[in-house]
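Q: Using our numbering, the letters of the sequence shown correspond one by one to residues 974 to 1331. All C-beta atoms in this analysis are idealised placements derived from N, C-alpha and C, irrespective of residue type, glycine included. Sharing a structure with you now.
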Amino acid sequence: MSAVAAFMKRKNIEISAKRYGIDALGAMAQGLFCSLLIGTIIKTLGEQLGMQLLIDIGQYASDMSGPAMAVAIGYALKCDPMVLFSLVPVGWAANKEGGAGGPLAVLVIAIVAAEFGKCVSKETKVDILVTPAVTILVGVALAKWIAPPIGAAAMLVGDFVMWATELQPFWMGIFVSVTVGIALTLPISSAAICASFGLVGLAGGAAVAGCCAQMVGFAVMSFRENRWGGLVSQGLGTSMLQMPNIVRNPRIWIPPTLASAITGPIATCVFKMEMNGAPVSSGMGTCGLVGQIGVVTGWLSPDAAALKNGAAAIVPTAFDWAGLVLICFVLPAVLSVVFCEICRRLGWIKENDLKLPS
């Protein structure tokens, strides 16, 4: 066993929840952002402006989501270059074979293929043949074998969540909003989770609400400690910056989480806000305003996953726009500040508990 442990250490193979559930998952979300998400935005912009070039560029970017995710995962796993480059066809195959649940299939298969590739990398004199061959053979074989059931299982989960939200918009609005919002602040990827399950529709809207509650909530309620820099870095960046403070004092998580429990059902029951853009947008919140762009994109040109779920393009009304602004910005800010002040008066949140490291 010591020899195996030494070999894995030499190859930088670390079988852990952090490496696979945090590092790889977070990198996968970045790969999705740099392909499917930005491609969808560019394509939609081209469609609205009538510019075929932008439509083509957006489509090319979206088509590369599988390779982009796989390479991002390989980068997070610290793969050697030959392994990293060989993950391109692996990602393509896993995403294609996984269907609508392709992102989850890519995550699982890219991890396995990358680790096998790392095992043989630089171990032979014909590394240029052995390393890509092993990585691609393992990855593509797994894609043909397990990607379809993984994709189907992921979509069943997503379909169940969306069905349950349609059936019980109040309670599921709370559940989805709080759960996805918490995932956004934790060092895991809410965006990758939403993409893996194809979360769109009312459930996607609740997810957007929960993520916005965390990001806007932390940004506004910590303004006295972090000023404008903290407002921007958390409100347009990520609420994950507060994780060290949450570890020190978990009670600071109460205000934005309570806010998400309120904005979620308001989104699903009052404004019936649906996120029918690319599913990854459901887990992005106000990060680069991606969640809001996803909602608007879904109004104008629903994503394939949303179309499958029965979505159709609409002309947004003033009520729709008011709901978007209230759910994503106004209510998270107001509610989080109110709950935060209550917690401060109770002594649960003290001065500088929300201070970000400089």
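Going by the DSSP bridge assignment, what does Gly-1174 pair with across the sheet?
A: Met-1248
Q: Going by C-alpha distance, which of Trp-1294, Ala-1234 and Asp-1053 is nearest Lys-984?
A: Comparing alpha-carbon positions, the option among Trp-1294, Ala-1234 and Asp-1053 lying closest to Lys-984 turns out to be Asp-1053.
Q: Note the first and the last residue of the continuous alpha helix (DSSP H) segment covering Pro-1217.
A: 1216 to 1221
Q: Indicate the three-state DSSP secondary structure (helix, strand or coil) for Asn-1068 in the structure shown.
A: helix
Q: Closest to Ala-1232 by CA distance: which of Ala-1186, Ala-1240, Trp-1226 and Asn-1222 is it?
A: Taking only the C-alpha atoms, the option nearest Ala-1232 is Ala-1186.
Q: Which term fits Asn-1199, buried or exposed, when burial requires 16 or more other beta carbons within 10 angstroms of its beta carbon?
A: Around the C-beta of Asn-1199, 16 or more other C-beta atoms lie within 10 Å, and the residue is accordingly described as buried.
Q: Tell whether a beta-carbon distance below 8 Å holds between Thr-1138 and Gly-1146.
A: yes
Q: Helix, strand or coil, according to DSSP, for Val-1288 in the structure here?
A: coil
Q: Can you tell me whether DSSP reads Asp-996 as helix, strand or coil?
A: For Asp-996, the three-state secondary structure derived from DSSP is helix.
Q: Which of the three DSSP states, helix, strand or coil, is assigned to Gly-1271?
A: helix
Q: Which of helix, strand or coil does DSSP assign to Ser-1254?
A: helix
Q: Are the CB atoms of Gly-1124 and Ala-1086 nearer to each other than 8 Å?
A: no
Q: Check whether the Cβ atoms of Met-1042 and Gly-1074 lie closer than 8 Å to each other.
A: no
Q: By the 10 Å Cβ neighbour count, where 16 or more other Cβ atoms means buried, how is Val-1288 classified, buried or exposed?
A: Flag for Val-1288 reads exposed.
Q: By Cβ distance, which residues of its chain are closer than 8 Å to Cys-996, with the 5 residues on each side in sequence left out?
A: Cys is not the amino acid found at residue 996; the sequence shown has Asp there. Excluding five sequence positions before and after Asp-996, the CB atoms of its chain that fall closer than 8 Å to its own CB belong to Ala-1049 and Leu-1050, given in chain order.
Q: Counting pairs of Cβ atoms below 8 Å between the region 1172 to 1182 and the region 1240 to 1248, do you hit three or more?
A: yes
Q: Of the choices Phe-1006, Asp-1293, Phe-1133 and Val-1056, whose alpha-carbon is the least far from that of Met-1037?
A: Phe-1006
Q: Does the separation of the CB atoms of Gly-1271 and Cys-1184 fall below 8 Å?
A: no
Q: Would you kindly work out how many angstroms separate the C-alpha atoms of Ala-1156 and Lys-1098, rounded to a whole number?
A: 45 Å
Q: Return yes when the Cβ of Leu-1027 is within less than 8 Å of the Cβ of Lys-1016, no when it is not.
A: yes
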